[in-house]
Every structure is written in structure tokens, then in C-alpha cells.
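Colleague:
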Amino acid sequence: MRDNPVLRIVAKIIIPVILLFALYVQFHGDFGPGGGFQAGVIFAAGFILYGLVFGTEALRNAIPPGLLRFAIALGLVLYAGVGATTMLLGSDYLAYGALAHDLIGGQHLGIFLVELGVGVTVSAVIVTIFLAFAGRNDP
Amino acid sequence: MISAQLPALQVVVPLLAAPLCLVLHRPFAAWLLTFVVSGISLLVSVALLGQILEQGVIDYTFGGWAAPFGIAYHIDFANAYVLLIVTAISTVVSIFARRSVASEIEAHSQGLFYTAWLLCLTGLLGITITGDAFNLFVFLEISSLSSYVLIAMGNDRKALTAAYQYLIMGTIGATFILIGIGLLYMLTGTLNMLDMAQRLIAVADSRTARTGFAFLTVGLGLKIALFPLHLWLPNAYAYAPSAVSAFLAATATKVAVYVLLRFMFSVFGIDFALGAMPLSTMLVVLGSVAVLSASTVAIFQHNLKRMLAYSSIAQIGYLVLGVSLATPAGLTATLLHLFNHALMKGALFLALGCIAWRLGSVRLGDLGGLGYRMPWTMGVFVIGGLSLIGLPLTAGFISKWYLVLAAVERGWWPVVLVIIAGSLLAVIYVWRVIETAYLGKTKEAVSGTEAPLSMLVPAWLLAIANLYFGMHTELSAGIASQAAMVLFGGQP
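As you go down the protein sequences, you meet chains A and B in turn. Residue 284 in the numbering used here sits at position 68 of the first sequence; the count goes up by one each step and never skips. Residue 403 in the numbering used here sits at position 393 of the second sequence; the count goes up by one each step and never skips.
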């Protein structure tokens, strides 16, 4: 599909929009439909489209497997780390209220970070799964 | 205060260590982290047990949401006891794992291996500690998925089919459990187990409750490998890496048995589970058949890991027989055997791990004269084997003694006969190994004799534990009987 100019150009135009929309779903999750999981899948869809059109080799150059593995770990650390932080601040695990001076602000920040963690891990896992299946016939 | 946060730390420490392990990636660093985290988890579970001895049950709520609405951990004697088993086995086996895993798994996969190990530990601890039915399902999935990965890493290609078979069966089991929990949620409108138990009293006599109970029992029957749902187990244990066989055989089915007990006794209540439903009859039949048939099949196995796997299915039969008696004595015997079986199977699988490290094979035919070449390893095997048979002065004797007494108390003489017959069959399959190792002919001169010290020490730790708990029962039987009382009290 690399030789098809229409596909290449449309993909190049649409990929940034997909990523932007993913970020919208991620950060608007507090107020409307959305959240970390959905955003992660949409974000990964941008990379998968890139991989489909330009080939898995190009995708591997864009995000090396080491980085993906790091991102998978980072999201979980972010989620569990928020819980550990609230514990260190003298509250129960994942009691977001401890993160800020007032309860609402703390909950806002807590949910924001936790969902970000979910988003990072989900998008990295989806891309990893895609690469694992798409790369099966590679030498 | 750290002591108030212990219930969360029990699960959070391995959970946080798993991604760190993934990033570390170096075999030695990943192993060291796994060992240290297992050790910390063991200390936490000991501290939790100490707290329970002092002040009774512990409740912990997450995120500041009160108990029936948020996720709550509820820890009493029953789950503190299982937590102790899981963390102790993980610690001992992780010492063993370094050399064993280094010889069986490629260096670049070892980081992933230990990550899966930590996730499996997280899942097993989470299942045990939680007081929330859906949370339990989530942790069940974490432990199951990671154990499929662990099994698939065995160096025999058959490990892949074994893991796939386990994946299919395990997923069916998990689905049944989920449907069961869903039906209970539909009926009671709550997921908190204590709350569920109270609300179930009024609506227990409904088709939904009975169906939910049936789904849960069958799903958990798959997870504990209860005859005839055991078909995934022999291959999974036989082809997994040695350390994984020891870890899973000593913990995974135990945790599933705990969940079955928790739902039967704490959620549904004994009157419903063993009175209104015909489960007692079913368990006594299936348990007896499991003991006799699996022990018989074990006699004909040439792969020793497979032999031990069939023996595990037989041991599940003993556990189930104890439950089916529906008396505190029977339940004590089950809980005691949970602990003692973890010790004996742990020791036996570690001994086989040492043999696999040296010979690269655990087939009976390759063991000729091994008793003289690897005296320490075979010593562990002999002690573990005697414990499996149930010879006096070993841990296995204690649990069988309690089980026989409990059966006599109910006047169930056929069950007593089944237990004795099972022990005699165990004599046969353990003797085959001992005979080959000490009286068989050495095949050829092979250089090198014993396994390295870092593998022998954990194996001997478990072997000595088998002897210690065969002579000093205050700790094991004491906590087991208190845990049985807690479960029998309905709402602990």
C-alpha cells in the first residue's frame, strides 16, 4: 500500500487528527463520555493505520519496541503510584482527596492521573499486539 | 501508620514491582526484585496474621468509599492463612528459580518471566485478600493470564499446547464464575461479600440463587481441577518450567479451593451450600473418584512431573472430601491439608527441578542410580514422598489423620477406606521412583553430581518444613482450626 499516493496522503492527513481526537477523549473523560481505555485504543489506532499504510518496519522505526515496553510499564506505575502517593500522604490507597487541599480538587487530579496511566498502557499494549501479529512472517 | 496500610501493601507491592521488573529486563536484577518483593510480601502476611491474632478481623476500604459501595478488603483467619501459604511458597521457590530458570529459559525472556511471576503473585494475593466478589474475578483473571504465560515458557514445545489447553479451560471456568457473580449481583444488588451474604438470606430460596451457586461451583471446580474437570492440569504442570510447576502446584489450586470455601461458607452459608443443595453428595463422590483414579493413573506415568500432577489431582480429592463432611473437623482437615500439601508438593517439584537441572530430563528411566549421584536431591524427594504417602512424623500424616478422624466422627467408613486406599496407591508411585533411584542401574558415567546450593537450600527448607510440621502442629493445625471456625461462623 506504500505505492498508493491517495492512501499515503490521506493517512498523513488523518493520523494527526486521530491522535488529537484520542487526546480529546482522554482529557475530556472527566466531563463527558470517554476515558483512558477508549482514548488509548483510539491513540493506538493512529499508529496501527501508520503501520498498515507504511509497513510495520516504518512503525517499528517510529516507536521502538523498547519504548513500547517502557510505556506499558509506565502507565501501570502511574496508576499504582497515585495510590502509593495517597498512602504516603497518610490516607488510604487511591483516596484521591489527599492529593490536593480540597476533596474535589484532589479527586480531579487523582482521576486525571489514573486515567492517563490507563491510556498510556492501553495504547502501548494495543500497538504491541498489532506488531506481534503483523510481524509474524517477518524474517 | 504503616500497620494500617498492610492490607493494601500486600497486593500493591508486587503489583508495583511487576512493571519495574519489565523495565529492568536484566535477568539477575529481575530475579532479585522478584525475590525481595516475595520476601516483603511474606513479612506483610506474617504481620497481618499477627494483627488478626491480636484484634480479630481487619477491614480496609479503598479510595475512602465505605464498605458496601466501594471495594473493601476483609481479612480473617481463613484468608490470612492462605496469604501466608502463597507468600511463603513464592519466597522459597523464587530463591530456587534463579539457577533453574537460567537453565530453562532464554536470557532475553527472563525479565518477562519474572514480570509474569510477580503479576501471578499479585493476582493470587488479591483473590485471597479481597472481600469484593467482582474484585475477586479481576484478580482471578490477572493470576490466570499470567500463569498461562508462565506455563507457555517451558522449554518443551508441548508447553505451548498445554498452556493453550489451560487457557481454554481456564477461560471457561472464569466465565462460569463471572456468570455466577453476575447472577448474585442481579439478585442482591451488591458485590461486597459480607453484604451479599446478609441479603442472600431472604432470597436464597430462588432459582437465581441456585443457578448462581451452580455456576460458581462448576467454574471454581475447573479452577481447582476437581475430577472430572482436571484435564488441563497434568500437561500444564508437566511442561511448565520447573520453578513454575512448584509455584503453581503449591499455590494456584489452593487459592481456588479457598475461594470455593469462601463462597460456600461465608456467602451462601453452610445450610444452603451443603444442606439445601446436593453438593455434599456430589463432592464426596467426585472427591473419592479423584483420589482413587488419579492415584492409579499416577502409577503409570513415566514423566515424573506428570506423575506429581496426577498426584495433585488426587490431593484435591482429599481437600474436597474434607469439605463434603460438612463438619468443623472436616473443614479443619481441608485447611490443614491445604498448607501441608503446599509443603510436600513444593518440596517434590523442587527436587524434580534439581533433577531436571542436572539431567535435563525427569523421565523415570533416566533416574537409575541417582540416589548415589544426587543424594541431597533424592533426600528431599524421599521426605516429600513419605509426606505424600502420609507416614507418621511427616506433615502429610497430620492432615490425613485429621481427615480420617473427621470422617470417623461422621461415621463415613467408606471415606476412611478411600483415604487409606489413596495412601497405599501413593506408596506404589513414590516407591517406583525410590526403587529406580537407589536400586536401579546407573546408565553411564556422567560428570557432575549435585545441583547447586541455591537450588538445594530452598528444596531442603521445604523438606525440613514437612518434618517440622509433622511433629509440631500448634501453628498449622491451630490456625487451620481457627480458620475453620471463622468459616463455620457464617459471617466472620
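A virtual CB, placed ideally from N, CA and C, is assigned to each residue, including glycine.
Please state whether the Cβ-Cβ distance between B:Ala-250 and B:Gly-164 is less than 8 Å.
Modeller: Result yes, Cβ atoms of B:Ala-250 and B:Gly-164 sit closer than 8 Å.
Colleague: Could you check what DSSP says for A:Asp-246 in three-state terms: helix, strand or coil?
Modeller: Here A:Asp-246 sits in helix by DSSP.
Colleague: Buried or exposed: which applies to B:Lys-168, given that a residue is buried once 16 or more other Cβ atoms fall within 10 Å of its Cβ?
Modeller: Exposed, because fewer than 16 other Cβ atoms sit within 10 Å of the Cβ of B:Lys-168.
Colleague: Which residue's Cα is closest to the Cα of B:Phe-72: A:Ala-340, A:Leu-332, A:Lys-228 and A:Asp-308?
Modeller: When only C-alpha atoms are compared, the closest one is A:Asp-308.
Colleague: Considering only DSSP beta bridges, list what B:Ile-68 is partnered with.
Modeller: Beta-bridge pairing links B:Ile-68 to B:Ile-85.
Colleague: Determine the direct distance from the alpha carbon of B:Ile-399 to that of B:Ala-436, and round the result to whole angstroms.
Modeller: Their backbone Cα atoms lie some 5 Å apart in a straight line.
Colleague: Does A:Asp-219 come within less than 8 Å of chain B when only Cβ atoms are used?
Modeller: For A:Asp-219, the answer is no, since every Cβ of chain B falls outside 8 Å of its Cβ.
Colleague: Would A:Val-293 count as contacting chain B if we go by Cβ distances under 8 Å?
Modeller: So, interface residue.
Colleague: Give the secondary structure of B:Arg-373 by DSSP, where H, G and I count as helix, E and B as strand, and everything else as coil.
Modeller: Strand, per DSSP.
Colleague: Do the segment 180 to 197 of chain B and the segment 226 to 236 of chain B make contact, defined as three or more Cβ pairs closer than 8 Å?
Modeller: Yes: the two stretches touch, three or more of their Cβ pairs being nearer than 8 Å.
Colleague: Residues of the segment 310 to 339 of chain A in Cβ contact with chain B at a cutoff of 8 Å, in chain order, please.
Modeller: Going along the segment 310 to 339 of chain A in chain order, one finds Leu-310, Ala-311, Tyr-312 and Gly-313 with a Cβ nearer than 8 Å to chain B.
Colleague: Give every residue of the same chain whose Cβ lies closer than 7 Å to the Cβ of B:Leu-239, excluding the five residues on either side of it in the sequence, and list them in chain order.
Modeller: Same-chain partners within the cutoff: Gly-231 and Leu-232.
Colleague: What whole-angstrom Cβ distance do B:Leu-497 and B:Ser-276 have, given they're in contact under 8 Å?
Modeller: With a Cβ gap of about 6 Å, B:Leu-497 and B:Ser-276 count as contacting.
Colleague: Could you tell me which residues DSSP pairs with B:Asn-313 in its beta bridges?
Modeller: According to DSSP, B:Asn-313 bridges with B:Arg-373.
Colleague: Do the segment 83 to 99 of chain B and the segment 55 to 72 of chain B touch if we need at least three Cβ pairs shorter than 8 Å?
Modeller: The segment 83 to 99 of chain B is in contact with the segment 55 to 72 of chain B.
Colleague: Quick one: is B:His-351 buried, meaning 16 or more other Cβ sit within 10 Å of its Cβ, or exposed?
Modeller: By the neighbour-count rule (16 or more Cβ atoms within 10 Å), B:His-351 is buried.
Colleague: Please list the terminal residues of the continuous alpha helix (DSSP H) segment that includes B:Pro-29.
Modeller: Looking at the DSSP string, the run of the alpha helix (DSSP H) that includes B:Pro-29 is 16 to 34.
Colleague: Where do the ends of the alpha helix (DSSP H) carrying B:Thr-263 lie?
Modeller: B:Thr-263 -> alpha helix (DSSP H) spans 252 to 271.
Colleague: Take B:Leu-466 and list the residues in its own chain whose beta-carbon comes closer than 6 Å to its own, dropping the five residues that flank it on each side.
Modeller: Same-chain partners within the cutoff: Trp-386.
Colleague: Output needed for A:Gly-263: all residues of its chain with C-beta closer than 6 Å, excluding positions within five of it in sequence on either side, in chain order.
Modeller: Looking at the sequence provided, one finds Phe at residue 263 of chain A rather than Gly. Here the set comprises Val-343.
Colleague: Along the segment 261 to 282 of chain B, what residues have a CB closer than 7 Å to any CB found in chain A?
Modeller: Of all residues in the segment 261 to 282 of chain B, none has a Cβ within less than 7 Å of some Cβ in chain A.
Colleague: Where do the N-terminal and C-terminal ends of the alpha helix (DSSP H) with A:Ile-279 fall, by residue?
Modeller: Per DSSP, A:Ile-279 belongs to no alpha helix (DSSP H) and is neither H nor E.
Colleague: Going by DSSP, which residues form a beta bridge with B:Thr-140?
Modeller: Its beta-bridge partners are B:Tyr-83.
Colleague: Quick one: grab the DSSP three-state call for B:Gln-501.
Modeller: Because the pLDDT at B:Gln-501 is just 42, under 50, the model does not fix this residue reliably, and the value given afterwards should be weighed accordingly. Note: B:Gln-501 maps to coil in three-state DSSP.
Colleague: According to the neighbour-count rule (16 or more other Cβ atoms, all chains shown, within 10 Å of its Cβ), is B:Phe-391 buried or exposed?
Modeller: Under this definition B:Phe-391 is a buried residue.
Colleague: State the start and end residues of the unbroken alpha helix (DSSP H) segment that holds B:Val-301.
Modeller: Here B:Val-301 belongs to no alpha helix (DSSP H), and DSSP marks it neither H nor E.
Colleague: What whole-angstrom Cβ distance do A:Ile-327 and A:Asp-246 have, given they're in contact under 8 Å?
Modeller: Indeed, because the Cβ distance is near 6 Å, the residues count as touching under 8 Å.
Colleague: Anyone know if the C-beta pair for B:Val-265 and B:Thr-404 falls short of 8 Å?
Modeller: No, these two residues do not count as a Cβ contact at 8 Å.
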